[in-house]
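K.L.:
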Amino acid sequence: MKTKLTLLSFAVMLILNSCHKEIKSEKGGIDIISNVYFNASKGLDEMQSFHISKMNYSEDDLIEIVPDRSFPEMSKQIYFIKDSLCYPLDSETKTAILSEIVLKQKLLLVWQKKDGAVFSKEWIPNYKNRRKLSDTVLFGKQYKRFEINSPWNYTRFYIYPTDTILPYSLYRHAEIDYRGRLERIDSYNKKNDIFITLQLIPRKNWDEAARELFEFNHFVARNKNE
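For the sequence shown, the working numbering gives the first residue as 64, with consecutive numbering after it.
(1) Assign M137 to one of two classes, buried (16 or more other C-beta atoms within 10 Å of its C-beta) or exposed (fewer than that).
(2) To which residues of the same chain is S97 closer than 8 Å at the C-beta, ignoring the five residues directly before and after it?
(3) Nearest CA to the CA of I93: which residue from A103, Y100, V165, I128?
(4) Could you give the uninterrupted runs of the beta strand (DSSP E) lying entirely in the stretch 133-209, keeping only those of 3 residues or more?
(5) Beta-carbon within less than 8 Å of F101's beta-carbon, same chain only, minus the 5 sequence neighbours each way: which residues are those?
(6) Is F134 buried or exposed, if buried means 16 or more other CB atoms sit within 10 Å of its CB?
(7) Report buried or exposed for R194, applying the criterion of at least 16 other Cβ atoms within 10 angstroms of its Cβ.
(8) Kindly list the residues whose CB is nearer than 6 Å to the CB of L276, restricted to its own chain and excluding five residues on each side of it in sequence; keep chain order.
(9) Using 8 Å for Cβ pairs, my map puts Y150 next to Q168. What's the rounded Cβ distance?
(10) For a test of the three-state rule: what should DSSP assign to Y234, helix, strand or coil?
(11) Using 8 Å as the threshold, is the stretch 196-209 in touch with the stretch 217-234, meaning 3 or more CB pairs across them?
What follows is the structure, encoded as C-alpha cells:
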C-alpha cells in the first residue's frame, strides 16, 4: 500500500510540473523606466523621469544601451552581456565581433556594473514579511500584487502572470514564487517623502544600434559555418 501511495504522489508531481512549462523568449527588448516624485505627500507635480536601460536580447545574448540622463536620445554606454559576464562596447561601433570580444576584452561581472540595469542575486528586503493584495488591472493587463511595509518604506510589487521568461529579471525569486513576470515596483520612502515607480516594459523589437550589432554578428557566424 505504501509503495502505491509513493507512486501516486510521484505521478501527481509529474503532472503538476508538466502543466507549468516556462517558455523562453528568443528575441526582443526590455525598457526599464523610473519616475521619481519629490514631496509626494503634497502631490505628484514635482517629478523626474529616467530611462535607465534599453536592453535587447537574441536568445542568451544581451545588448544593453544605457541612455545619457541629460540627453536620453543619446547613448552613454553600450554593454554586451552573456551569462553573468559584461563587456563594455564603443557606443559608436556597429561591427564589433562579439565572440572575439569575449576572448580578448577584459570582462566585468554584471553584479559589479555601476550604470544601467541592476543585476542582483539578493532577495527583496523583508520578502518573508510580504502581504498578499488583490489583483488589479494596469494599462490593460491584470497583475498579481503583494506589499511590504516597514518603518522606512512602503512598497508594492506587480507581477504579470505568464509562462514566458525574459533573460533579465528584477527579482527572479519572486517570479518563480508567483509564476509570472515582475513588471512594476512602487515604493514610498516615508522619511524623505519620495515616491518611486520602477517599470520593466517588454517589447518585441530591437533598438537600431542593437539590431545592427546582432545582424552583423549573425552574418559573421553564418559565414564561418559555411
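All C-beta atoms, glycine included, are put in the ideal place defined by N, C-alpha and C. These numbers were taken from a predicted model, which means no experiment stands behind them.
P.N.:
Short version:
(1) By one-based count along the sequence shown, residue 137 stands at place 74. Under this definition M137 is an exposed residue.
(2) Counting from one through the sequence shown, the residue named residue 97 turns up at place 34. Result list for S97: S112, F113, I115, I259, T260, L261, Q262, in chain order.
(3) As a working mapping, residue 93 is identified with position 30 in the sequence shown. Considering only alpha carbons, the answer is I128.
(4) 138-145, 148-152, 194-201
(5) Taking the first residue of the sequence shown as 1, we reach residue 101 at position 38. Cβ neighbours of F101 beyond the five flanking positions: E109, M110, Q111, D256, I257.
(6) Residue mapping note: residue 134 aligns to position 71 of the sequence shown, counting from 1. Answer is exposed; the Cβ neighbour count stays below 16.
(7) Taking the first residue of the sequence shown as position 1, residue 194 is located at position 131. Flag for R194 reads exposed.
(8) Here the question's residue 276 lines up with position 213 in the sequence shown. Contacts found: I126.
(9) Position 87 of the sequence shown, counted from the start, is the residue given in the question as residue 150. Position 105 of the sequence shown, counted from the start, is the residue given in the question as residue 168. Yes, Y150 and Q168 are in contact; Cβ-Cβ is about 5 Å, under 8 Å.
(10) As a first step, residue 234 must be located in the sequence shown, where it is residue number 171. Coil at Y234, not helix or strand.
(11) yes
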